[in-house]
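**Student:** There's a structure below that I have some questions on.
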Amino acid sequence: MTDPASMRRVYQRGTLTESTAPEHWFTLFAEWFAAAAAELIAVEVNAMQVATVDAAGHPAVRTVLLKAFDERGIVFYTNYSSAKGRDLEARPYAAAVLAWLAQERQVRISGPVSRVTRAETEAYFAGRPRGSQLGAWASGQSALVPSRAVLDEAEREVTERFAGRDIPPPPHWGGYRIAPEAVEFWQGRPDRLHDRLRYRREGERWLLERLAP
Ligand SMILES: Cc1cc2nc3c(=O)[nH]c(=O)nc-3n(C[C@H](O)[C@H](O)[C@H](O)COP(=O)(O)O)c2cc1C
1 MTDPASMRRV YQRGTLTEST APEHWFTLFA EWFAAAAAEL IAVEVNAMQV ATVDAAGHPA
61 VRTVLLKAFD ERGIVFYTNY SSAKGRDLEA RPYAAAVLAW LAQERQVRIS GPVSRVTRAE
121 TEAYFAGRPR GSQLGAWASG QSALVPSRAV LDEAEREVTE RFAGRDIPPP PHWGGYRIAP
181 EAVEFWQGRP DRLHDRLRYR REGERWLLER LAP
């Protein structure tokens, strides 16, 4: 059996300093995203884990794909009726983490969540492969499914329904944007004395703070 306690790696790929950190979190995020994407061994660079809480305050976390980011925040697409969708309608706040482990980096983003505009969802949906478009119609994400056959039958049914025409996004499907209140960049350093710089929004300004590792 592989013992996780014996797995150890010295973090020495980079540093993170206040003097070179840009004024806006977005600049550094874009730089790190490009660096992660440029690394040949990287898999699903845009995968991130998003945590939500339900109305009772119970947390849940799952992986989704980052599909857009700009100064307003980060966007992912999902089923609005899924468990996470229900959480976000009740408690429109989320925390996300992107772990770029090849670069010994992590970025944590938290803030209020809102749906993207329908036009944004439509534009993104139109660019998805047809199979993914059909899948969005066929799957009542997070609901119980009695068997795989039921799912396959649902796919057959929607494939027939949309045969020969463009597929619009289902009404219960679309994007969410997490508008950051805080963005923390973590760069691994030797001896566990890692660099942690956090951008925290105060009004229109972004404060830059260093946190103990
Ligand atoms: C690599 C990867 C990418 C995923 N991307 C998405 C995504 O972009 N949107 C989505 O709704 N689910 C995505 N999923 C599935 C979710 O992790 C999750 O199973 C699903 O959204 C249901 O979550 P919920 O029941 O908490 O709502 C992805 C899973 C993995 C492993």
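With the first letter of the sequence shown counted as 1, position 64 gets the number 64 in the UniProt record's numbering; the numbers rise by one all the way through.
We put the beta carbon where it would ideally sit given N, CA and C, even for glycine.
Closer than 7 angstroms: is that where the CB of threonine 121 sits relative to any heavy atom of ligand 1?
**Tutor:** Position 121 of the sequence shown, counting from 1, holds the residue named residue 121. Result no, Cβ not under 7 angstroms from ligand 1.
**Student:** According to DSSP, is glutamate 44 part of a helix, a strand, or is it coil?
**Tutor:** Along the sequence shown, one-based indexing puts residue 44 at 44. Correct three-state label for glutamate 44: coil.
**Student:** Closer than 8 angstroms is the cut-off here; do at least three beta carbon pairs connect the stretch 173-182 with the stretch 77-95?
**Tutor:** Yes, since at least three Cβ pairs between the stretch 173-182 and the stretch 77-95 fall closer than 8 angstroms, the two stretches touch.
**Student:** Please determine, among Ala5, Phe26, Arg62 and Tyr124, the residue with the shortest C-alpha to C-alpha distance to alanine 96.
**Tutor:** Residue mapping note: residue 96 aligns to position 96 of the sequence shown, counting from 1. Alanine 96 has its Cα closest to that of Arg62, out of Ala5, Phe26, Arg62 and Tyr124.
**Student:** Glutamine 103 by DSSP, collapsed to three states: which one?
**Tutor:** Counting from 1 along the sequence shown, the entry for residue 103 is found at position 103. Secondary structure at glutamine 103: helix, using DSSP grouped into helix, strand and coil.
**Student:** Only counting the same chain, and skipping five residues up and downstream in sequence, which positions put a Cβ closer than 6 angstroms to that of alanine 136?
**Tutor:** The count along the sequence shown starts at 1 and reaches residue 136 at position 136. Contacts found: Pro170 and Trp173.
**Student:** Beta carbon of glycine 73, beta carbon of alanine 179: below 8 angstroms?
**Tutor:** Looking up residue 73 in the sequence shown gives position 73. Looking up residue 179 in the sequence shown gives position 179. Yes, Cβ-Cβ distance for glycine 73 and alanine 179 is below 8 angstroms.
**Student:** Out of Phe125, Ala60 and Arg177, point me to the one whose CA is closest to glycine 111's CA.
**Tutor:** Residue numbering aside, residue 111 sits at position 111 when the sequence shown is read from its first letter. The shortest C-alpha separation from glycine 111 is found at Arg177.
**Student:** Okay, do the stretch 87-96 and the stretch 53-70 touch, 3+ Cβ pairs below 8 angstroms being the bar?
**Tutor:** yes
**Student:** Measure the CB-CB distance between arginine 189 and threonine 15 and report whether it falls below 8 angstroms.
**Tutor:** Position 189 of the sequence shown, counting from 1, holds the residue named residue 189. Position 15 of the sequence shown, counting from 1, holds the residue named residue 15. Yes.
**Student:** Exposed or buried, alanine 191, counting other C-beta atoms within 10 Å across all chains shown (16 or more means buried)?
**Tutor:** If you number the sequence shown from 1, residue 191 lands on position 191. It is worth fixing the name first, because residue 191 is aspartate in this sequence and not alanine. Under this definition aspartate 191 is an exposed residue.
**Student:** To which residues does DSSP link serine 114 through a beta bridge?
**Tutor:** For this step, residue 114 is matched to residue 114 along the sequence shown. In the DSSP output, where bridge partners are listed per residue, serine 114 has Arg177.
**Student:** Candidates Glu104, Val45, Arg9 and Lys67: which alpha carbon is nearest alanine 123's?
**Tutor:** As a first step, residue 123 is located in the sequence shown; it is residue number 123 there, counting from the start. Nearest of Glu104, Val45, Arg9 and Lys67 to alanine 123, Cα basis: Lys67.
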